[in-house]
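Enquirer: Residue numbering for the first sequence follows our numbering, starting at 172 and increasing by one per position. Every residue, glycine too, gets a C-beta built ideally from N, C-alpha and C.
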Amino acid sequence: MADTSPSVSRGLWLIKSEPTVYPWSQLVKDKKTAWTGIRNFTARLNLRAMKKGDLCFFYHSNEGKEMVGVAKVVKTAYADSTAEEGDWSCVDVAAVYPLKSPVTLATVKATKALAKMQLLVQSRLSVSKVTEAEWALIHELSSTKPR
DNA sequence: GCCAACGTTGGC
DNA sequence: GCCAACGTTGGC
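1) Pull the bridge partners of Pro-269 from the DSSP assignment, please.
2) Taking Cβ to Cβ, would you say Lys-271 is nearer than 8 Å to Ser-314?
3) Taking three-plus beta-carbon pairs below 8 Å as touching, is the segment 249-261 in contact with the segment 292-301?
4) Is Lys-287 helix, strand or coil by DSSP?
5) Using a 10 Å radius around the Cβ and a threshold of 16 neighbouring Cβ atoms, would you call Asn-233 buried or exposed?
6) Per DSSP, His-231 forms a beta bridge with which residues?
7) Are the Cβ atoms of Val-267 and Leu-308 separated by less than 8 Å?
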């Protein structure tokens with residue numbers, strides 16, 4: 172029998188944004204936004220692998236250095252109109268819920284079970300993968316119930 | 001503000 | 001196909 176649990180098929184990701192450029196609070200205000208400006212092949216690969224309904228941690232880079240919320244992919248990859256040249260993609264994401272207490276990079280680094288997070292392994296990658304185990308643990312650390 | 005790490009470009 | 005030079009990201 173097919174398992175209908177969403178945890179089997181959903182993709183889990185982490186998307187980075189500098190809060191001075193586009194903070195979580197702005198996504199909450201906007202409800203949804205086009206996730207444009209990705210100009211890295213590995214990140215593009217991840218973007219294009221996203222499916223509708225996939226969930227993403229929203230991470231504040233540079234300032235904060237913490238995961239602050241969860242966003243959802245509401246539109247799969249399409250041409251990024253902000254790209255002047257080259258074959259780049261974007262997706263649409265919507266705010267879903269905030270993390271009760273943000274999970275900082277320092278916490279991630281200090282947590283053994285999170286040592287293999289793509290966030291750490293490929294520190295400059297702006298769209299990275301998150302495993303189910305990492306997803307669950309980060310929710311625990313943030314005192315937030317996954318939805 | 002600095003700089004390490006990493007990705008990309010281009011000369012050979 | 002290698003690798004030096006360069007540009008960018010992002011932590012510190």
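Expert: The answer reads as follows:
1) Reading the first sequence from its first residue, position 98 is the one you call residue 269. According to DSSP, Pro-269 shares a beta bridge with Gly-240.
2) Indexing the first sequence from 1 puts residue 271 at position 100. Indexing the first sequence from 1 puts residue 314 at position 143. Contact: yes.
3) No: fewer than three Cβ pairs fall under 8 Å.
4) Here residue 287 refers to the residue found at position 116 of the first sequence. In the structure shown, Lys-287 sits in coil (DSSP, three-state: anything other than H, G, I, E or B).
5) On the first sequence, position 62 is the one that residue 233 refers to. In this structure Asn-233 is exposed. Its beta-carbon is surrounded by fewer than 16 other beta-carbon atoms within 10 angstroms.
6) Looking up residue 231 in the first sequence gives position 60. Answer is Ser-188 and Glu-237, bridged to His-231.
7) What you label residue 267 is simply residue 96 of the first sequence in a count that begins at 1. What you label residue 308 is simply residue 137 of the first sequence in a count that begins at 1. In terms of Cβ geometry, Val-267 and Leu-308 do not form a close pair [threshold 8 Å].
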